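Participant:
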Amino acid sequence: NAGVTQTPKFRILKIGQSMTLQCTQDMNHNYMYWYRQDPGMGLKLIYYSVGAGITDKGEVPNGYNVSRSTTEDFPLRLELAAPSQTSVYFCASSYSLGQETQYFGPGTRLLVL
Amino acid sequence: LAKTTQPISMDSYEGQEVNITCSHNNIATNDYITWYQQFPSQGPRFIIQGYKTKVTNEVASLFIPADRKSSTLSLPRVSLSDTAVYYCLVGDGLGGGGSQGNLIFGKGTKLSVKP
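The listed protein sequences correspond, in order, to chains A and B. Position one of the first sequence corresponds to residue 1 (the working numbering), numbered consecutively onward. Position one of the second sequence corresponds to residue 1 (the working numbering), numbered consecutively onward.
(1) Our contact map puts B/G15 next to B/Y32 with C-beta atoms below 8 Å; I'd like the distance itself, whole angstroms only.
(2) Per DSSP, what kind of secondary structure is B/L80 in: helix, strand or coil?
(3) Around the Cβ of A/R36, are there at least 16 other Cβ atoms within 10 angstroms (buried) or fewer (exposed)?
(4) Check whether the stretch 61-76 of chain A and the stretch 21-35 of chain A touch, using three or more Cβ-Cβ pairs below 8 Å as the test.
(5) Distance, Cα to Cα, B/N19 vs A/G105?
(6) Any C-beta of chain B within less than 9 Å: which residues of the stretch 86-111 of chain A qualify?
(7) Here's a check: name, in chain order, each residue in its chain whose Cβ is nearer than 8 Å to the Cβ of B/K69, leaving out the five neighbours to either side.
(8) What are the residues that DSSP puts in a beta bridge with A/M19?
(9) Is the distance from the Cβ of B/T182 to the Cβ of B/I64 below 8 Å?
(10) Would a check of beta-carbon distances place A/M19 closer than 8 Å to chain B?
(11) Quick one: is B/G106 near chain A, going by C-beta distance under 8 Å?
(12) Going straight from the alpha carbon of B/K123 to that of B/T29, what length do you get?
(13) For a contact defined as C-beta to C-beta under 7 Å, what are the partners of A/M41 on chain B?
(14) A/G42 bridges to which residues according to DSSP?
(15) To the nearest angstrom, how far is it from the Cα of A/H29 to the Cα of A/G53?
(16) Starting from A/S69 and walking both ways along the beta strand (DSSP E), at which residues does that stretch end?
(17) Are the beta-carbon atoms belonging to B/I8 and B/T83 less than 8 Å from one another?
(18) Sorted by chain position, which residues of the same chain lie with C-beta nearer than 7 Å to A/T5's C-beta, five sequence neighbours on each side aside?
(19) Rounded to whole angstroms, what is the Cα-Cα separation between A/T70 and B/P40?
(20) Counting only Cβ pairs nearer than 7 Å, list the residues of chain A close to B/Y87.
(21) Just list the residues that DSSP pairs A/G51 with in beta bridges.
(22) Please identify the residue among A/M41, A/G40, A/T20, A/G3 whose C-alpha is closest to the C-alpha of A/D26.
(23) Check for me: the beta strand (DSSP E) holding B/V18 runs from which residue to which?
(24) Is A/G55 buried or exposed, if buried means 16 or more other CB atoms sit within 10 Å of its CB?
In structure tokens:
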């Protein structure tokens, strides 16, 4: 199993541009999550999904959108990139909610200039 | 949501036992305590989870006193490769008790192991 994979690994965006961060898991997990981690800080939950077609906001959803059309994929969309969105983005998945072990991807480093 | 407090950093030497304590005074009845490890440029990795008393696995031990207001992650005989940030999380699951995003990662404890 590849686990959780994320693409791209690194991206530079100009202010106002848009992009989609890709996340795929091959563990047949129902639950998937997107976090952002600013330098020297912990992770903050952006959005999560409890299954295909079902998503919900986390702690810091503003400026982002998600979709979940399949069990495997959970892309994160930035519509109008802002410098405040410069961060490292981690996707994770788990078999069930919350206290179940979450498996994290390697992260996508995003720089908005 | 139960807030957690951990030391910002700790130093140790190879071969020593390291204990990292986390305070969670407002822990709820249904909350579990989970620890994750994060290396630079990688996503966090699950280490151990517990509800009360003591839990041990091949990597670490977790000690939880009866009042559950704190917990201690114990790493036996650390090596240089244990240098990482360790996060203590408390929660019962997304949406539990009307809360959301229960997995709150604080700043964690940066453990530096020296030779």
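Think of the CB as a built atom: it goes at the ideal place given N, C-alpha and C, for glycine as much as any other residue. Note that the structure is a prediction, hence the values are computed from the model and not measured.
Facilitator: According to the data block:
(1) Translated into positions along the second sequence, residue 15 of chain B becomes position 15. Translated into positions along the second sequence, residue 32 of chain B becomes position 32. That belief does not hold up - the Cβ atoms of B/G15 and B/Y32 are roughly 31 Å apart, past 8 Å.
(2) Position 80 of the second sequence, counted from the first residue, corresponds to residue 80 of chain B. Looking at B/L80 - three-state DSSP - the assignment turns out to be helix.
(3) Taking the first sequence and counting its residues from 1, one reaches residue 36 of chain A at position 36. Answer is buried; the Cβ neighbour count reaches 16.
(4) yes
(5) Counting from 1 along the second sequence, the entry for residue 19 of chain B is found at position 19. Counting from 1 along the first sequence, the entry for residue 105 of chain A is found at position 105. One C-alpha to the other measures close to 27 Å.
(6) V88, F90, C91, A92, S96, L97, G98, Q99, E100, T101, Q102, Y103, F104, G105, P106, G107, R109
(7) Locating residue 69 of chain B in the second sequence gives position 69, counting from the first residue. If we look at B/K69 and ignore the five residues flanking it on each side, its Cβ neighbours are S23, H24, N25, I27.
(8) Residue numbering aside, residue 19 of chain A sits at position 19 when the first sequence is read from its first letter. Paired residues: A/L78.
(9) The structure shown has nothing for residue 182 of chain B, since chain B only spans 1 to 115.
(10) The residue given as residue 19 of chain A occupies position 19 in the first sequence. No - not a single Cβ of chain B is within 8 Å of the one on A/M19.
(11) Residue 106 of chain B sits at position 106 when you count from the first residue of the second sequence. True, the Cβ-Cβ gap to chain A drops below 8 Å.
(12) Because chain B is modelled from 1 through 115, residue 123 of chain B falls outside the range shown and cannot be assessed.
(13) The residue given as residue 41 of chain A occupies position 41 in the first sequence. In chain order: K107.
(14) Within the first sequence, the letter at position 42 stands for residue 42 of chain A. Paired residues: none, contrary to the question.
(15) By one-based count along the first sequence, residue 29 of chain A stands at place 29. By one-based count along the first sequence, residue 53 of chain A stands at place 53. Straight-line Cα distance between these residues: approximately 14 Å.
(16) Reading the first sequence from its first residue, position 69 is the one you call residue 69 of chain A. Segment: none, A/S69 is in no beta strand (DSSP E) and carries neither H nor E.
(17) For the purposes of this step, residue 8 of chain B is taken as the residue at position 8 of the second sequence. For the purposes of this step, residue 83 of chain B is taken as the residue at position 83 of the second sequence. In this structure, B/T83 does not lie closer than 8 Å to B/I8 by Cβ.
(18) Numbered from 1 along the first sequence, position 5 holds the residue referred to as residue 5 of chain A. Around A/T5: T24, G105.
(19) Taking the first residue of the first sequence as 1, we reach residue 70 of chain A at position 70. Taking the first residue of the second sequence as 1, we reach residue 40 of chain B at position 40. Going by the C-alpha atoms only, they are around 31 Å apart.
(20) Counting from 1 along the second sequence, the entry for residue 87 of chain B is found at position 87. G42, listed in chain order.
(21) Numbered from its first residue, the first sequence carries residue 51 of chain A at position 51. DSSP output for A/G51 lists A/I54 as bridge partner(s).
(22) If you number the first sequence from 1, residue 26 of chain A lands on position 26. Selected option, being the one with the closest Cα: A/G3.
(23) Within the second sequence, residue 18 of chain B is the residue found at index 18, counting from 1. That run of the beta strand (DSSP E) goes 18-23.
(24) Start at 1 with the first residue of the first sequence, and residue 55 of chain A comes out as number 55. The question names Gly, but residue 55 of chain A is Thr in the sequence shown. Buried, because 16 or more other Cβ atoms sit within 10 Å of the Cβ of A/T55.
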